[in-house]
Amino acid sequence: MRDTKVLESFKKHSEKKLKEMNIFKHLKKEDYNLIENLTYDNSSNFVNVHVMNNQKITASLLFAIGKERIHYILGAPSKEGRDLNSLSYGLYAVLTKFANKSMILDFEGSSIESVKAFYLSFGARNEPFYEIAYSRPIL
Numbered sequence: 033m034r035d036t037k038v039l040e041s042f043k044k045h046s047e048k049k050l051k052e053m054n055i056f057k058h059l060k061k062e063d064y065n066l067i068e069n070l071t072y073d074n075s076s077n078f079v080n081v082h083v084m085n086n087q088k089i090t091a092s093l094l095f096a097i098g099k100e101r102i103h104y105i106l107g108a109p110s111k112e113g114r115d116l117n118s119l120s121y122g123l124y125a126v127l128t129k130f131a132n133k134s135m136i137l138d139f140e141g142s143s144i145e146s147v148k149a150f151y152l153s154f155g156a157r158n159e160p161f162y163e164i165a166y167s168r169p170i171l
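Right under this line is the structure:
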């Protein structure tokens, strides 16, 4: 397992896989570009984990590190990585790395049932958040 702090590493090993997974169906290209810019400007707040098998990357996971939370942003397994359940190994590595800290691993939820079930397998629980929008009165 290798741990780097730049999205460039994630992108280099995962962009093709992201396209194969049709990730941009769920994540707009401009949102991906925003994440890319954030990681360059704030690289100390991001962790990229590569899961290796026979010296080959089978999955790459990107996390944003906050004050009390670790946010799971993106995960991209190869076909072999899906067969080996590499994302689970990557998540386990992050859980182990931060186990002695009082932090919450935030999966950020998913509307994709299989992804939701995967997150629940780690003991995740639904934690809704609320958004308040303020509009100025017209008059």
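Going by this note's numbering, 133 is the number at position 101 of the sequence shown; the sequence numbering is gapless.
Built from N, CA and C at the ideal position, the CB exists for glycine as well.
Quantities reported herein were computed from a predicted structural model and do not represent experimental measurements.
Can you find the residues in the same chain that come closer than 6 Å, C-beta to C-beta, to residue i, ignoring five residues on each side of it along the sequence?
{"i": "Ala156", "result": "Phe139"}
Since I believe residue j is in contact with residue i (beta carbons under 8 Å), could you give me their beta-carbon distance rounded to a whole number of angstroms?
{"i": "Phe95", "j": "His82", "result": "Their Cβ separation, rounded to whole angstroms, is 12 Å, which puts Phe95 and His82 out of contact at 8 Å."}
{"i": "Leu119", "j": "Pro109", "result": "5 Å"}
{"i": "Arg101", "j": "Met135", "result": "6 Å"}
Would you report the Cα separation of residue i and residue j, rounded to the nearest angstrom?
{"i": "Lys60", "j": "Thr128", "result": "31 Å"}
{"i": "Leu66", "j": "Ser76", "result": "16 Å"}
{"i": "Phe130", "j": "Ile170", "result": "49 Å"}
{"i": "Asn85", "j": "Tyr72", "result": "28 Å"}
Kindly indicate which three-state DSSP category residue i falls into: helix, strand or coil?
{"i": "Arg114", "result": "helix"}
{"i": "Lys148", "result": "helix"}
{"i": "Thr36", "result": "Only weak support exists for where Thr36 lies, its pLDDT of 44 falling under 50; the value from the coordinates is given anyway. Correct three-state label for Thr36: strand."}
{"i": "Asn85", "result": "strand"}
Taking the alpha helix (DSSP H) that residue i belongs to, which residues open and close that run?
{"i": "Lys88", "result": "Lys88 -> not in any alpha helix (DSSP H); beta strand (DSSP E) instead, spanning Lys88 to Ile97."}
How far does the beta strand (DSSP E) with residue i in it extend, from its first residue to its last?
{"i": "Ile170", "result": "From DSSP, Ile170 is part of no beta strand (DSSP E); its letter is neither H nor E."}
Short of 8 Å in beta carbon distance, which residues of its chain neighbour residue i, apart from the five on each side in sequence? Order them along the chain.
{"i": "Asp63", "result": "none"}
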